[in-house]
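Scroll down for the structure; my scribbles are underneath it.
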Amino acid sequence: MPSAECLRRGRPLPRFASESHCLASHLPVSIRPMSESRFRERLETEFRARREKNPRYSLRAFAAFLGVDHSTLSQILRGVRRPPVRAVRAWGRKLGMGPEEVAVYIAAGHLADPSSSERMEQLRHWTAEAMAVISDRAHWRILEFSRMPGFTPDCRRIAAELSLSVDEINLALGRLLRLRLLELNQPGKWKALIGPGTGEPEFRKLALKRVQQMAAEDHVRFVGGR
Amino acid sequence: MGDPVVQFQIISKAPEETAKFYSSLFGWRVSANNPLGYRQILTGTADGIQGGIWPAPPQSPNFVQLFMAVDDVKACIAKAEKLGAKLVIPATVLPEGDEMAVMHDPQGMSFALWRRKVSI
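From first to last, the protein sequence lines stand for chains A and B. Counting from 11, one number per residue, gives the positions in the first sequence under the numbering used here. Counting from 667, one number per residue, gives the positions in the second sequence under the numbering used here.
See the structure below:
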């Protein structure tokens with residue numbers, strides 16, 4: 011079910027919208043998967059239902075029923091304010107929810123909404139890529155190795171030469187390919203994409219710049235990044 | 667001709683433990699005796715597809731990727747990009763001559779394109 015808040019603010023719907031619908035079919039109707047706005051939606055639904063029964067039912071009357079100032083309730087319904095946990099507990103009880111159901115709404119209020127956790131995931135990814143490429147020398151050494159005469163593209167040999175495990179080499183190899191710092195375009199040929207005279211300090215700068223560029227395409231900016 | 671799913675790949679933070687677990691459970695054979703040191707999974711039957719295990723970067727979750735065989739990896743990348751996919755690893759020729767690319771579909775799920783080495 012689309013979040014009313016997303017529709018109102020014209021934001022793209024969270025990706026989980028359709029998944030939560032699927033999940034909902036396995037859960038009791040009253041305990042759907044939730045985001046922070048779900049309790050607000052529940053209040054809206056309840057208020058709408060009361061108005062349908064009695065068109066003269068006002069927001070003031072609903073606020074009085076819940077035991078809250080009507081302007082506070084109005085702010086909560088507009089998404090300007092978050093309902094405090096004690097209010098979720100007290101209002102939930104007044105609306106006939108059991109303690110387990112209230113606990114789910116409270117827990118959901120502590121979860122980041124899907125779009126912000128997705129952004130956090132991207133930030134985590136690009137920070138980890140940047141950290142790996144500047145702190146793990148395997149990247150540089152693989153490139154250096156690939157430029158040596160008589161180079162054989164055999165990760166087991168590279169690992170033995172560099173006293174690293176094959177997994178460590180393959181992790182760095184995957185990263186070099188993802189960051190377009192290495193190209194494998196014909197059998198047996200590895201091409202370092204860093205310019206022939208590039209040394210290790212320049213490589214680190216270049217690699218970091220590449221991470222920043224790719225992160226920027228994902229709308230992730232590091233502090234100090236341009 | 668269709669583009670069949672030809673391989674599954676487990677991306678694992680602990681590839682050796684993953685290999686041990688699935689070999690013990692299903693009797694699969696895992697061999698890394700190839701230039702990439704790639705852990706190939708041989709299920710021991712011609713039914714279904716074979717697989718492999720690749721190390722996961724520290725920031726990545728453990729997950730499974732499917733490999734689809736295509737006639738032209740670069741053409742398929744271009745088509746996938748038009749459909750909203752994102753290129754992660756460009757067309758890459760592996761040490762033994764197979765060609766591969768990794769992409770994210772529009773939902774962010776990882777999948778790979780694969781073309782077996784062409785014998786001349």
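Every residue, glycine too, gets a C-beta built ideally from N, C-alpha and C. Treat the numbers as computed from the prediction; the structure is a model and nothing was measured.
Going by beta carbon distance, what residues of the same chain come within less than 7 Å of residue i, once the five residues before and after it are set aside?
i              : result
N728 (chain B) : I677, S678, K679, A722
A148 (chain A) : L172, L174, E178, I179, A182
P858 (chain B) : The displayed coordinates of chain B run from 667 to 786. Any statement about residue 858 (chain B) would go beyond what the structure contains.
G198 (chain A) : P163
I685 (chain B) : Here residue 685 (chain B) turns out to be Ala, not Ile, going by the sequence shown. Cβ within range, chain order: V696, R705, I719.
Helix, strand or coil: how does DSSP classify residue i here?
i              : result
F232 (chain A) : coil
N700 (chain B) : coil
A767 (chain B) : strand
R58 (chain A)  : helix
L203 (chain A) : coil
Q706 (chain B) : strand
A148 (chain A) : helix
R695 (chain B) : strand
T137 (chain A) : helix
L194 (chain A) : strand
P721 (chain B) : strand
Quick one: residues in its chain with C-beta nearer than 6 Å to the C-beta of residue i, no 5 flanking neighbours on either side, listed in chain order?
i              : result
R695 (chain B) : L708
L121 (chain A) : none
S697 (chain B) : Q706
D764 (chain B) : R782, K783
F213 (chain A) : W150, I204
Since residue i and residue j should fall inside the 8 Å C-beta cutoff, what is the C-beta to C-beta distance between them, to a whole number of angstroms?
i              : j              : result
V739 (chain B) : L779 (chain B) : 5 Å
Q132 (chain A) : V221 (chain A) : About 12 Å separates the two Cβ atoms, so there is no contact after all.
F674 (chain B) : V730 (chain B) : 6 Å
L69 (chain A)  : S84 (chain A)  : 6 Å
P670 (chain B) : A746 (chain B) : Going by Cβ atoms, the distance from P670 (chain B) to A746 (chain B) rounds to 17 Å, so no, they are not a contact pair.
What residue does the alpha helix (DSSP H) around residue i start on, and which one ends it?
i              : result
F72 (chain A)  : 69–76
L732 (chain B) : Taken as a continuous stretch (DSSP letters only), L732 (chain B) belongs to no alpha helix (DSSP H), being part of the beta strand (DSSP E) at 729–735.
V95 (chain A)  : 95–104
T758 (chain B) : Unbroken run through T758 (chain B) is the beta strand (DSSP E), 752–759; no alpha helix (DSSP H).
Are residue i and residue j touching if we call contact CB-CB under 8 Å?
i              : j              : result
I715 (chain B) : R705 (chain B) : no
A102 (chain A) : V112 (chain A) : In the sequence under discussion, the amino acid at residue 102 (chain A) is Gly, which differs from the Ala named in the question. It is a contact, given that the beta carbons lie within the stated cut-off.
Q773 (chain B) : H135 (chain A) : no
I116 (chain A) : V98 (chain A)  : yes
Which residues bound the beta strand (DSSP E) around residue i?
i              : result
I715 (chain B) : Neither: I715 (chain B) is in no beta strand (DSSP E) and is coded neither H nor E.
N180 (chain A) : Segment 176–188 is the alpha helix (DSSP H) holding N180 (chain A); no beta strand (DSSP E) there.
I676 (chain B) : 671–678
S776 (chain B) : 776–781
T208 (chain A) : Looking at the DSSP string, T208 (chain A) is not in any beta strand (DSSP E), and its letter there is neither H nor E.
CB-CB under 8 Å to residue i, same chain, minus the five flanking residues each way: which ones, in chain order?
i              : result
P756 (chain B) : I743, A767
Is the closest heavy atom of the ligand MN to the C-beta of residue i under 7 Å?
i              : result
D177 (chain A) : The ligand content of the structure shown is nil, which means the ligand MN is not present either.
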